[in-house]
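These notes concern the structure reproduced below.
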Amino acid sequence: MQTPGTLHVVATPIGNLGDLGARALETLQAVDAICAEDTRHTRQLLAHFGVEKTLIALHQHNEMAQASQLVARLLGGQSLALVSDAGTPLVSDPGFRLVRAAREAGIRVSPVPGACAAIAALSVAGIASDRFAFEGFLPTKGSARRERLTALVAEPRTLIFYEASHRIEETLADLVTVFGPRHAVVGRELTKLFETVLDGDLPSLQARVAADPNQRRGEFVVIVEGAGEDADALLAEGRRVYAKLCEHMKPSQAAKVAAELTGAPRKALYGAEPG
Numbered sequence: 003m004q005t006p007g008t009l010h011v012v013a014t015p016i017g018n019l020g021d022l023g024a025r026a027l028e029t030l031q032a033v034d035a036i037c038a039e040d041t042r043h044t045r046q047l048l049a050h051f052g053v054e055k056t057l058i059a060l061h062q063h064n065e066m067a068q069a070s071q072l073v074a075r076l077l078g079g080q081s082l083a084l085v086s087d088a089g090t091p092l093v094s095d096p097g098f099r100l101v102r103a104a105r106e107a108g109i110r111v112s113p114v115p116g117a118c119a120a121i122a123a124l125s126v127a128g129i130a131s132d133r134f135a136f137e138g139f140l141p142t143k144g145s146a147r148r149e150r151l152t153a154l155v156a157e158p159r160t161l162i163f164y165e166a167s168h169r170i171e172e173t174l175a176d177l178v179t180v181f182g183p184r185h186a187v188v189g190r191e192l193t194k195l196f197e198t199v200l201d202g203d204l205p206s207l208q209a210r211v212a213a214d215p216n217q218r219r220g221e222f223v224v225i226v227e228g229a230g231e232d233a234d235a236l237l238a239e240g241r242r243v244y245a246k247l248c249e250h251m252k253p254s255q256a257a258k259v260a261a262e263l264t265g266a267p268r269k270a271l272y273g274a275e276p277g
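Going by my numbering, the sequence shown opens with residue 3, and the numbers climb by one from there.
Shown next, in the form of structure tokens:
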């Protein structure tokens, strides 16, 4: 009976090519083929290290169809590597369907760890890292994005988001609206030539990014401090003040004033049932 091959989940650099580990390189050299999110991008990476391998496109649009064929190759004794464009596969990238199909077929799935933008940013943020929630990319539409953020207002864990350059200003504005002056960090172009890590309260970070076009270029990780143990009490006090102010002014103005007085996020107050 044919011994199945192994599916290696291989992390690749998020910018600095020196971050490709020795075991990752050995694995990429040894496998029969490499499953890549963007074969053109991966081909450039492999060429840098002198690796010539068959590349198989595996992305969100074809993963379901490709998984069964790749599992058949693994069951036939081939070993495959799974990589994404940058960083650790499956972290806001395709691949989990293939991994699940391989595991269900009894195939060994082996991690080859390395760079991950979320963890890299968290390691230098100076924000509590014992408990955190990775939220990936927020919705692209403003209303849906604010709704998602509002649902996270009372989350006590540190929050980690990815964001693209063309949405970073809008996202920071929404974070200010929903979370208020909470402590945060914006990591940009991590491990690359123009790497920057900005920290401060959300309003000051929004202003710094808005004032400097260079801080709106590249790829971003945004880390926001968790609500803390007194989040519920803070929100309750904000809603109490908001309800009282609604007796004398419009709800939008009442939410603004209540947020300024109590420190509760305005977005979480506006529209709350008075009383």
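A virtual CB, placed ideally from N, CA and C, is assigned to each residue, including glycine.
Given the structure is predicted, the values throughout are model-derived calculations rather than measurements.
Checklist entry - Should the segment 92-99 be called in touch with the segment 53-68, which here means at least 3 C-beta pairs below 8 Å? => result Counting Cβ pairs under 8 Å, three or more are found: they touch.
Checklist entry - In this structure, does DSSP put HIS61 in helix, strand or coil? => result If DSSP states are grouped into helix, strand and coil, HIS61 belongs with coil.
Next on the checklist: Let me check understanding here. Comparing Cα to Cα, which of LEU195, GLU239, LEU72 lies closest to GLY20?
Outcome noted: Cα-wise, what sits closest to GLY20 is LEU195.
Checklist entry - Quick one: what does DSSP say LEU19 is sitting in, helix, strand or coil? => result Residue state, collapsed to three classes: helix.
Item to check | Three-way DSSP call (helix, strand, coil) for HIS185 in this model | outcome: DSSP places HIS185 in strand when its eight states are reduced to three.
Next on the checklist: Using only CA atoms, which one of ARG110, ASP201, GLU172 lies nearest to THR142?
Outcome noted: The shortest Cα separation from THR142 among ARG110, ASP201, GLU172 belongs to GLU172.
Next on the checklist: Does the CB of ALA88 have a neighbour CB from chain B at under 7 Å?
Outcome noted: In the displayed structure, chain B is absent; only one protein chain is listed.
Next on the checklist: Does GLU137 come out as helix, strand or coil in the three-state DSSP assignment?
Outcome noted: GLU137: strand per DSSP, three-state reduction.
Item to check | Cutoff 7 Å; reference ARG210; Cβ partners in own chain excluding five residues on either side | outcome: If we look at ARG210 and ignore the five residues flanking it on each side, its Cβ neighbours are LEU200, GLN217.
Next on the checklist: By alpha-carbon positions, which one of THR41, GLY230, CYS37 ends up nearest to VAL101?
Outcome noted: Of THR41, GLY230, CYS37, the residue nearest in Cα terms is CYS37.
Item to check | Range of the contiguous alpha helix (DSSP H) that encloses THR8 | outcome: Per DSSP, THR8 lies in no alpha helix (DSSP H) segment; the continuous beta strand (DSSP E) that holds it begins and ends at 8-12.
Next on the checklist: Considering only the alpha carbon of each residue, which of GLU39, ARG42, ALA88, SER70 lies closest to LEU192?
Outcome noted: Per the Cα distances, ALA88.
Checklist entry - How would you call SER81, buried or exposed, if buried means at least 16 neighbouring beta carbons within 10 angstroms? => result Burial call: buried.
Checklist entry - For GLY230, which of helix, strand or coil comes out of DSSP? => result GLY230 falls in the coil class under three-state DSSP.
Checklist entry - What does a CB cutoff of less than 8 Å around LEU123 pick up in its chain, not counting 5 residues either side in sequence? => result What sits at residue 123 in the sequence shown is Ala, not Leu. These residues qualify, in order along the chain: ILE162, VAL187, GLY189, LEU192, VAL199, VAL223, ILE225.
Checklist entry - Could you give the distance in angstroms between the alpha-carbon of ARG150 and the alpha-carbon of PRO6? => result Each residue's alpha carbon lies about 43 Å from the other.
Checklist entry - Between the Cα of THR29 and the Cα atoms of LEU9, GLY17, THR44, which residue gives the shortest distance? => result Here the closest residue by C-alpha is LEU9.
Next on the checklist: Can you tell me whether THR56 is buried or exposed? The criterion is at least 16 other CB atoms within 10 Å of its CB, across all chains shown.
Outcome noted: So THR56 counts as exposed.
Checklist entry - For TYR164 versus PHE139, is the C-beta distance shorter than 7 Å? => result Using a Cβ distance threshold of 7 Å, TYR164 and PHE139 count as a contacting pair.
Next on the checklist: Just verifying my parser: in three-state terms, what is the DSSP assignment at THR5?
Outcome noted: THR5 falls in the coil class under three-state DSSP.
Checklist entry - Hey, ILE16 and ALA119 are a contact pair by Cβ (cut 8 Å); roughly how many whole angstroms apart? => result That pair is a contact at about 5 Å.
Next on the checklist: Quick check: ALA135 and ARG159, are their CB atoms within less than 7 Å of each other?
Outcome noted: Result yes, Cβ atoms of ALA135 and ARG159 sit closer than 7 Å.
Next on the checklist: Quick check on this structure: which residue in GLY228, ASP214, PRO183 has the alpha carbon closest to the alpha carbon of SER206?
Outcome noted: Distances from the CA of SER206 to each of GLY228, ASP214, PRO183 were compared; the closest alpha carbon is that of PRO183.
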